[in-house]
Structures are given as C-alpha cells and as structure tokens.
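Data block below; observations after.
There are 2 protein chains.
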Amino acid sequence: MRKLAIETDTRDTRERILEEAEALFAEHGFDGASMRMITSRAGVNLAAANYHFRTKEALFQAVFQRRMDQLNSARAKALAEMENEAAGGALKPSRILEGFFGPALAMATDTEHGGHTFMRLLGQTYTEPAQFVRRFLAEEYADVMHRYAAALYKALPGVPVAEILWRLHFMMGAVSYAISGIDALKPVMPGLDDDPAKLGPRLMAFLLGGLRAPLAEFAPAPAAAFEPRPVSSINAANP
Amino acid sequence: MRKLAIETDTRDTRERILEEAEALFAEHGFDGASMRMITSRAGVNLAAANYHFRTKEALFQAVFQRRMDQLNSARAKALAEMENEAAGGALKPSRILEGFFGPALAMATDTEHGGHTFMRLLGQTYTEPAQFVRRFLAEEYADVMHRYAAALYKALPGVPVAEILWRLHFMMGAVSYAISGIDALKPVMPGLDDDPAKLGPRLMAFLLGGLRAPLAEFAPAPAAAFEPRPVSSINAANP
DNA sequence: GTATGATTAAAACGAACGTTTGATCTATTG
DNA sequence: CAATAGATCAAACGTTCGTTTTAATCATAC
Numbered sequence: 057m058r059k060l061a062i063e064t065d066t067r068d069t070r071e072r073i074l075e076e077a078e079a080l081f082a083e084h085g086f087d088g089a090s091m092r093m094i095t096s097r098a099g100v101n102l103a104a105a106n107y108h109f110r111t112k113e114a115l116f117q118a119v120f121q122r123r124m125d126q127l128n129s130a131r132a133k134a135l136a137e138m139e140n141e142a143a144g145g146a147l148k149p150s151r152i153l154e155g156f157f158g159p160a161l162a163m164a165t166d167t168e169h170g171g172h173t174f175m176r177l178l179g180q181t182y183t184e185p186a187q188f189v190r191r192f193l194a195e196e197y198a199d200v201m202h203r204y205a206a207a208l209y210k211a212l213p214g215v216p217v218a219e220i221l222w223r224l225h226f227m228m229g230a231v232s233y234a235i236s237g238i239d240a241l242k243p244v245m246p247g248l249d250d251d252p253a254k255l256g257p258r259l260m261a262f263l264l265g266g267l268r269a270p271l272a273e274f275a276p277a278p279a280a281a282f283e284p285r286p287v288s289s290i291n292a293a294n295p
Numbered sequence: 057m058r059k060l061a062i063e064t065d066t067r068d069t070r071e072r073i074l075e076e077a078e079a080l081f082a083e084h085g086f087d088g089a090s091m092r093m094i095t096s097r098a099g100v101n102l103a104a105a106n107y108h109f110r111t112k113e114a115l116f117q118a119v120f121q122r123r124m125d126q127l128n129s130a131r132a133k134a135l136a137e138m139e140n141e142a143a144g145g146a147l148k149p150s151r152i153l154e155g156f157f158g159p160a161l162a163m164a165t166d167t168e169h170g171g172h173t174f175m176r177l178l179g180q181t182y183t184e185p186a187q188f189v190r191r192f193l194a195e196e197y198a199d200v201m202h203r204y205a206a207a208l209y210k211a212l213p214g215v216p217v218a219e220i221l222w223r224l225h226f227m228m229g230a231v232s233y234a235i236s237g238i239d240a241l242k243p244v245m246p247g248l249d250d251d252p253a254k255l256g257p258r259l260m261a262f263l264l265g266g267l268r269a270p271l272a273e274f275a276p277a278p279a280a281a282f283e284p285r286p287v288s289s290i291n292a293a294n295p
C-alpha cells in the first residue's frame with residue numbers, strides 16, 4: 057500500500073491534467089486554452105503541469121499520443137485480422153472502410169471516456185495552423201494510412217493509386233465533418249435528425265458511394281467550370 | 057483627382073490591412089496572428105487597424121464578409137439560373153453540386169487574388185473553437201445552404217430531407233479537406249499527384265458517388281461495428 | 001482659411017500568458 | 001529516526017497581447 061499510494065496520487069494528478077487539457081484544447085483550441093484554465097479545472101497547481109509535462113506543447117502531444125496510439129492500434133489490428141482471414145486475397149472495400157473509420161466513429165460516439173472530446177479535437181487539429189501540430193499529426197497518421205491505401209489498391213484493381221489516396225483524403229474530410237457536426241451542425245440546420253446511432257450507417261453508405269464512383273475524366277471541357285472568376289467581379293462585390 | 061485621391065488612399069490602407077489579416081489569420085489562426093504582425097506586414101500603423109475596424113474580432117469579420125458575400129452570391133446566382141432554365145422542373149444532381157461547390161473550388165484555385173488563402177482560412181474556421189466565429193459562419197451559410205438543400209430534395213425524390221442535409225454536410229467536409237489538402241497533404245503522402253486542374257473533376261466524381269449512394273439501413277446489425285470499445289483497452293494502452 | 005478626417009509616431013494601460021524558482025510537504029529508504 | 005527524492009505549492013518573472021491615448025502631420029472640403 058505504500059508504493060501504490062504514491063504512484064496512484066501521481067497518476068491522478070497527471071491524468072487529471074491530461075483529461076482537462078483534452079477537454080479544454082477541444083473547446084478553445086491550443087492557443088485559447090491556457091495552462092491556468094487547465095490546471096485550475098483539474099484542481100492542481102499551475103506548476104504541476106510544467107513539472108509533469110515540461111511545456112505546453114509537450115502536454116498537447118501527450119494528450120494526442122495516448123489517443124492516437126489507441127486509434128492506430130485499433131485500425132492496424134482490424135486490417136491485420138482481415139488480411140489474415142483473406143489469406144492473401146483482396147478484401148471487400150466496405151470492410152476496409154469499416155476497419156479504418158469504424159474505430160474513429162466508435163471513439164467519437166464514446167461520450168463517457170473522453171473519446172468524443174478527443175475526436176472533436178482531432179477534427180480541429182488537421183487544419184491547425186501551428187506547424188508543430190501538423191507535423192506531429194502527419195507522422196502519427198503515415199504508417200497506418202499507407203497500409204490501408206495499399207489494401208484499397210489491391211481491392212480496387214484498375215484504380216490508380218493517386219486516385220485512392222485522394223479519395224481516402226476526401227473520406228477523412230467527410231468523417232471529420234460528420235464527427236464535429238454532431239455538435240456544430242444544429243445551429244446551421246435546425247430540425248436535423250442527429251441520432252448518433254444512425255450516423256455510422258449513414259456515413260458509411262456515403263463513403264462507399266464516393267469510393268466506388270466512376271473515375272473522373274480529365275477532359276478540358278468539364279474542368280472549365282472551376283476556372284477562377286475574373287478580378288472585376290471581386291472588386292465589384294464590395295465597392 | 058481630388059476626390060479620388062482621398063478615397064484611394066483610404067482604401068489602400070484599409071485593404072492592405074484586410075489583405076495581410078487574411079493571409080496571417082490563415083497562416084497562424086485568429087489567436088496566433090497578432091495585430092502587431094498584421095499592421096507591420098501591411099506597412100501601416102498599429103493604431104490604424106483599430107481606427108478602421110475598432111476591434112480584432114471586427115477585423116476578422118470584415119475579412120470574412122467580403123469573401124463570403126462573393127461566394128454566396130456566386131452560389132445563389134448559379135442556382136437561380138439553373139432553376140430559371142428548368143422552369144419549375146427538377147435539376148440534375150450533378151449540376152446542383154457544380155453550382156454549390158464550383159464557386160468554392162474556383163476561389164480555392166485562384167492564387168492571384170487571395171481566394172486560395174481565404175479558402176484555407178474558411179476550412180479552418182468551420183471547426184474554429186471561438187464561439188463568435190462559428191455563430192457568424194452559421195449565419196452566413198444558412199440561407200444559400202437551405203436553398204441548395206431544397207433543390208436537392210426536389211432532384212432526388214424518395215430521399216429524406218435529413219439524409220440530404222447530412223450528405224451535404226459530408227460533402228462540405230470532403231471539399232474542405234480537398235482544399236486544405238492541396239497544401240497539407242504532401243508531407244503525409246509523398247509522391248501524390250496534386251495537379252490542381254485535376255482536383256475539380258476528381259472531387260466532383262467522388263461527391264456525386266456519395267450523393268447517389270443507396271440509402272443506409274438502420275438495422276441493429278451493422279450498427280454494432282460502431283459501438284464504443286471497452287474501457288479496459290483505453291487504460292491498457294498507456295499504463 | 002479653417003474645419004475634417006485619415007494617418008503616423010510613441011507611449012502607456014491592464015491583463016493574461018508560459019515558465020521558473022525556492023520553499024514546503026510527503027512518503028519511502030537505509 | 002534521519003535522510004533522501006519526488007510531488008506540490010505560492011509567488012514572481014519577463015513577455016506579449018489588444019486596446020487606448022495624446023500629439024503631430026497631411027490632404028482634402030467648404
């Protein structure tokens with residue numbers, strides 16, 4: 057009971073900081089959440105945060121590390137099991153998507169252990185301006201992402217790898233908005249059916265439709281619709 | 057030359073601030089971009105920013121207003137022309153999507169007049185933690201968004217309106233990631249074909265596939281894949 | 001010529017920030 | 001029990017922030 061006591065107290069302080077930091081980073085962003093807010097909400101001394109994590113950036117990384125480890129390992133495990141089961145054969149695209157996005161949605165709908173909070177934070181972080189955040193996130197994603205891209209490449213013969221990477225990217229955007237939309241969409245779209253249990257199937261149907269869409273043709277004709285508007289219209293808008 | 061001179065000088069200062077604010081907000085976020093950075097980069101006095109815009113928040117809103125006006129009017133005009141042409145009939149879903157996302161992509165590929173910069177900023181802003189930003193953005197989107205949702209509802213008989221709103225939301229996520237990905241994706245996915253001219257067709261093919269995907273069934277069976285993981289795995293990840 | 005509004009310069013303001021310091025407390029160890 | 005090492009505390013440090021103020025300069029309008 058001696059040795060346990062100190063470790064328990066220590067982890068309590070450390071983890072209380074981690075918990076509140078996760079919530080406040082999600083609520084106010086990296087810059088908007090101050091060390092004083094985090095530590096006071098956690099009920100610990102301000103200096104304790106620097107004692108355990110050295111800097112604010114390191115605290116932010118620590119918040120991310122434990123969740124990303126969980127997410128990455130869940131995704132890697134799902135893929136490994138599928139590939140083991142298929143014994144070298146190609147996988148169904150729908151199952152690949154479930155392996156990749158299923159753990160993210162599971163975490164996003166877990167409101168009891170902070171998973172929901174973290175996924176909101178993750179959605180913000182992809183477009184986070186701070187360089188160290190984006191670099192850190194890219195490193196965290198790289199490994200598992202490429203393994204899923206490879207699985208999709210094998211499952212979708214004839215689809216160029218560049219197309220698969222782009223569609224994987226599009227899908228991540230849809231999922232990110234879907235998750236943050238659980239909270240943020242209501243003011244924009246009143247009366248929307250936001251049953252969390254329906255979100256998973258809803259989203260997966262959309263993703264599969266996008267993934268399986270016929271390949272685009274890069275003819276000059278359809279591309280004309282996306283040409284920049286003339287300058288004059290920009291200045292005329294606000295005289 | 058008298059009357060023109062004062063107006064030109066005035067707008068020069070005001071617009072130089074707006075330009076640099078747009079670029080720096082996109083680069084460092086609302087909190088990360090300071091008034092001192094903005095005014096010094098614009099080559100104007102610090103007090104001039106407060107003189108013209110009163111507060112930093114008002115400056116941020118001014119940056120948004122001019123671009124959102126442009127984006128909203130382009131979208132509204134495209135839809136109005138289509139509906140006029142169809143004379144009360146339903147529109148092709150692909151044309152509706154082009155009307156909605158075409159102007160956004162056009163702005164995003166316009167690197168000469170700041171459109172690209174602003175669309176990066178817009179992508180960040182949807183998940184922006186600051187309340188006043190989200191509320192402002194929701195108000196800006198609401199009108200045009202509902203008109204496009206109505207057009208899609210007429211174009212896709214049998215699809216519930218809730219489903220259309222969600223898919224519109226998913227599509228906005230995909231587009232947002234596509235736009236920010238032009239810059240941010242390269243470190244994650246080296247060797248990716250990022251030809252900007254191909255992005256439009258690529259993205260539109262994906263969006264159409266997702267929009268037209270068969271409706272999901274809300275049976276309990278497929279929903280099981282999205283249940284939260286047990287708590288033990290969370291604690292076991294980082295002991 | 002005088003009033004007006006735009007701009008600059010320089011300084012100051014109170015507040016909040018991340019981080020550091022040195023003392024104090026606590027629990028295990030020899 | 002005394003010594004040691006880690007955890008926690010109150011307080012302060014130096015910096016930066018958004019904003020305001022005061023004064024002076026300049027170009028235009030009436």
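Protein chains in written order, with my numbering: chain A, 57 to 295; chain B, 57 to 295.
Even glycine gets a Cβ: it sits at the ideal position worked out from N, Cα and C.
Worksheet item: Given a threshold of 16 other Cβ atoms within 10 Å of its Cβ, counted over all protein chains shown, does A:Gln180 qualify as buried or as exposed?
Response: Here the question's residue 180 of chain A lines up with position 124 in the first sequence. It counts as buried.
Worksheet entry | Rounded straight-line distance, which links the Cα of B:Ala114 to that of B:Ala253 | Your numbering for residue 253 of chain B matches position 197 in the second sequence. Your numbering for residue 114 of chain B matches position 58 in the second sequence. Those two C-alpha atoms are separated by around 35 angstroms.
Worksheet item: Whose CA, out of B:Glu83, B:Pro213 and B:Asp199, lies closest to the CA of B:Leu147?
Response: Within the second sequence, the letter at position 91 stands for residue 147 of chain B. Answer by Cα proximity: B:Pro213.
Discussion item. Quick check on the burial criterion: 16 or more other C-beta atoms within 10 angstroms. Buried or exposed for B:Gln187?
Written reply: As a working mapping, residue 187 of chain B is identified with position 131 in the second sequence. With fewer than 16 other Cβ atoms within 10 Å, it is exposed.
Discussion item. I want to see whether chain A comes within less than 8 angstroms of B:Thr64, judged by CB atoms only; does it?
Written reply: For the purposes of this step, residue 64 of chain B is identified with residue 8 of the second sequence, where counting begins at 1. A caution first: B:Thr64 carries a pLDDT of 39, below 50, which makes its placement in the model unreliable, though a value can still be read off. It does not; no Cβ of chain A falls within 8 angstroms.
Item to complete: Under 6 angstroms Cβ to Cβ from A:Val200, same chain only, skipping five residues before and after it: list those, please.
Response: The residue you call residue 200 of chain A lines up with position 144 of the first sequence. Same-chain partners within the cutoff: Asn128, Arg131 and Ala132.
Discussion item. By the three-class DSSP mapping on this structure, what secondary structure does A:Gly90 have?
Written reply: Position 34 of the first sequence, counted from the start, is the residue given in the question as residue 90 of chain A. The sequence shown places Ser at residue 90 of chain A, rather than the Gly named in the question. DSSP places A:Ser90 in coil when its eight states are reduced to three.
Worksheet item: With a cut-off of 8 angstroms, does the C-beta of B:Met91 fall near any C-beta of chain A?
Response: Counted from its first residue, the second sequence places residue 91 of chain B at position 35. Cβ-Cβ to chain A under 8 angstroms: no for B:Met91.
Worksheet item: So which of B:Glu273, B:Glu219, B:Leu264 and B:Tyr197 has the shortest CA-CA distance to B:Pro149?
Response: Position 93 of the second sequence, counted from the start, is the residue given in the question as residue 149 of chain B. The option with the nearest alpha carbon to B:Pro149 is B:Leu264.
Practice prompt. Using the Cα positions of B:Ser236 and A:Ser236, report the straight-line distance between them to the nearest angstrom.
Written response: On the second sequence, position 180 is the one that residue 236 of chain B refers to. On the first sequence, position 180 is the one that residue 236 of chain A refers to. If you take the alpha carbons of B:Ser236 and A:Ser236, they lie about 17 angstroms apart.
Practice prompt. Would you verify that the beta carbon of B:Gly180 is, or is not, closer than 8 angstroms to some beta carbon of chain A?
Written response: On the second sequence, residue 180 of chain B is found 124 positions in, with the first residue counted as 1. First, the amino acid is wrong: residue 180 of chain B is Gln here, not Gly. True, the Cβ-Cβ gap to chain A drops below 8 angstroms.
Worksheet item: Closest to B:Val217 by CA distance: which of B:Leu271, B:Glu154, B:Leu255 and B:Pro159 is it?
Response: By one-based count along the second sequence, residue 217 of chain B stands at place 161. The candidate whose alpha carbon is nearest that of B:Val217 is B:Leu271.
Practice prompt. Measure the alpha-carbon distance for B:Glu154 versus B:Met227 and round it to whole angstroms.
Written response: Looking up residue 154 of chain B in the second sequence gives position 98. Looking up residue 227 of chain B in the second sequence gives position 171. Whole-angstrom Cα-Cα distance: 12 angstroms.
Fill in: Start and end residues, alpha helix (DSSP H) containing A:Ala272
Taking the first residue of the first sequence as position 1, residue 272 of chain A is located at position 216. Note, A:Ala272: premise wrong, no alpha helix (DSSP H); not H, not E.
Worksheet item: How many Å lie between A:Ala279 and B:Arg258 at the Cα?
Response: Reading the first sequence from its first residue, position 223 is the one you call residue 279 of chain A. Reading the second sequence from its first residue, position 202 is the one you call residue 258 of chain B. Unreliable positioning characterises A:Ala279 in this predicted model, as indicated by a pLDDT of 40, which lies under 50. The coordinate reading is nonetheless provided below. C-alpha separation (whole angstroms): 10 angstroms.
Discussion item. I'd like the list of long-range same chain contacts for B:Ile94, defined as Cβ closer than 7 angstroms, with 5 residues on each side in sequence excluded.
Written reply: On the second sequence, position 38 is the one that residue 94 of chain B refers to. Around B:Ile94: Ile73, Glu76, Ala77, Leu80 and Ala105.
Discussion item. Using a Cβ-Cβ distance cut-off of 8 angstroms, determine whether A:Asp87 contacts chain B.
Written reply: Here residue 87 of chain A is taken as the residue at index 31 of the first sequence, counted from 1. Yes, A:Asp87 counts as interfacial toward chain B.
Discussion item. By alpha-carbon positions, which one of B:Ala160, B:Tyr107, B:Leu267 and B:Phe116 ends up nearest to B:Gly88?
Written reply: As a working note, residue 88 of chain B is residue 32 in the second sequence. Distance from the Cα of B:Gly88 is smallest, within the candidate group B:Ala160, B:Tyr107, B:Leu267 and B:Phe116, for B:Phe116.
Discussion item. Within a Cβ cutoff of 7 angstroms, which residues of the same chain sit near B:Arg223, ignoring the five residues on either side of it in sequence?
Written reply: By one-based count along the second sequence, residue 223 of chain B stands at place 167. Cβ within range, chain order: Gly266 and Leu267.
Worksheet item: Leaving out the 5 sequence neighbours to the left and right, which residues in its chain are closer than 7 angstroms to B:Ala160 when beta-carbon positions are compared?
Response: Position 104 of the second sequence, counted from the start, is the residue given in the question as residue 160 of chain B. Hits under 7 angstroms: Leu127, Met175 and Val231.
Worksheet item: Shorter than 8 angstroms from the beta carbon of A:Leu60 to some beta carbon of chain B?
Response: Residue numbering aside, residue 60 of chain A sits at position 4 when the first sequence is read from its first letter. Here the model assigns A:Leu60 a pLDDT of 33, short of 50, so the residue's position is not dependable and the matter cannot be decided.
Worksheet item: Helix, strand or coil: how does DSSP classify B:Leu147 here?
Response: Translated into the one-based positions of the second sequence, residue 147 of chain B becomes position 91. Of the three classes helix, strand and coil, the one that applies to B:Leu147 here is coil, per DSSP.
Item to complete: Classify A:Met57 as buried or exposed, calling it buried when 16 or more other Cβ atoms lie within 10 Å of its own Cβ.
Response: One-based indexing of the first sequence puts residue 57 of chain A at position 1. Low per-residue confidence applies at A:Met57: pLDDT is 30, beneath 50, and the placement is therefore not dependable, though the value from the model is reported in the following sentence. Exposed, since its Cβ has fewer than 16 Cβ neighbours within 10 Å.
Item to complete: Please state if the CB of B:Ala234 and the CB of B:Thr173 are separated by a distance shorter than 8 angstroms.
Response: Residue numbering aside, residue 173 of chain B sits at position 117 when the second sequence is read from its first letter. Residue numbering aside, residue 234 of chain B sits at position 178 when the second sequence is read from its first letter. Not a contact, by the Cβ cut-off of 8 angstroms.
Discussion item. Quick test of your reading: A:Ala28 and A:Leu193, contact by CB under 8 angstroms. State the CB separation rounded to the nearest angstrom.
Written reply: Residue 28 of chain A lies beyond the stretch modelled for chain A, which goes from 57 to 295, so this question has no answer here.
Fill in: chain A contact residues for B:Tyr209, given Cβ-Cβ distances below 9 angstroms
Counting from 1 along the second sequence, the entry for residue 209 of chain B is found at position 153. Here the premise fails: no neighbours, minimum Cβ distance about 13 angstroms.
Discussion item. Check this for me: beta carbons of B:Gly229 and A:Gly256, under 8 angstroms apart or not?
Written reply: In the second sequence, the residue the question calls residue 229 of chain B occupies position 173. In the first sequence, the residue the question calls residue 256 of chain A occupies position 200. Contact flag unset, no.
Practice prompt. Using three-state DSSP, classify B:Pro257 as helix, strand or coil.
Written response: Within the second sequence, the letter at position 201 stands for residue 257 of chain B. The answer is helix: DSSP assigns B:Pro257 an H, G or I state.
Worksheet entry | 8 angstroms Cβ cutoff met for B:Glu196 and B:Met124 | Here residue 196 of chain B refers to the residue found at position 140 of the second sequence. Here residue 124 of chain B refers to the residue found at position 68 of the second sequence. Their beta carbons are under 8 angstroms apart, which means B:Glu196 touches B:Met124 by this criterion.
Practice prompt. Closer than 7 angstroms by beta-carbon distance: list the chain A residues that pair up with B:Lys254, in chain order.
Written response: Here residue 254 of chain B refers to the residue found at position 198 when the second sequence is read from its first residue. Ordered by position in chain A, the residues that pass the 7 angstroms Cβ test against B:Lys254 are Phe274.
Practice prompt. Could you tell me which chain B residues have their CB closer than 7 angstroms to the CB of A:Ala98, listed as they occur along the chain?
Written response: Taking the first sequence and counting its residues from 1, one reaches residue 98 of chain A at position 42. The contacting residues do not exist; A:Ala98 stays about 18 angstroms from chain B at best.
Worksheet entry | Cβ separation of A:Val100 and A:Thr69, assumed to be a contact under 8 angstroms, to the nearest whole Å | Looking up residue 100 of chain A in the first sequence gives position 44. Looking up residue 69 of chain A in the first sequence gives position 13. Confirmed, about 5 angstroms.
Discussion item. Within 8 angstroms of any Cβ in chain A, is that where the Cβ of B:Leu147 sits?
Written reply: Within the second sequence, the letter at position 91 stands for residue 147 of chain B. Residue contact check for B:Leu147 against chain A: no CB pair falls below 8 angstroms.
Discussion item. With a threshold of 8 angstroms between beta-carbons, can A:Tyr107 be considered close to chain B, or not?
Written reply: Here residue 107 of chain A corresponds to residue number 51 of the first sequence, with the count starting at 1. No, because no Cβ of chain B sits closer than 8 angstroms to the Cβ of A:Tyr107.
Worksheet item: Cβ of B:Ala211 within 8 angstroms of Cβ of B:Ile152?
Response: As a first step, residue 211 of chain B is located in the second sequence; it is residue number 155 there, counting from the start. As a first step, residue 152 of chain B is located in the second sequence; it is residue number 96 there, counting from the start. Result yes, Cβ atoms of B:Ala211 and B:Ile152 sit closer than 8 angstroms.
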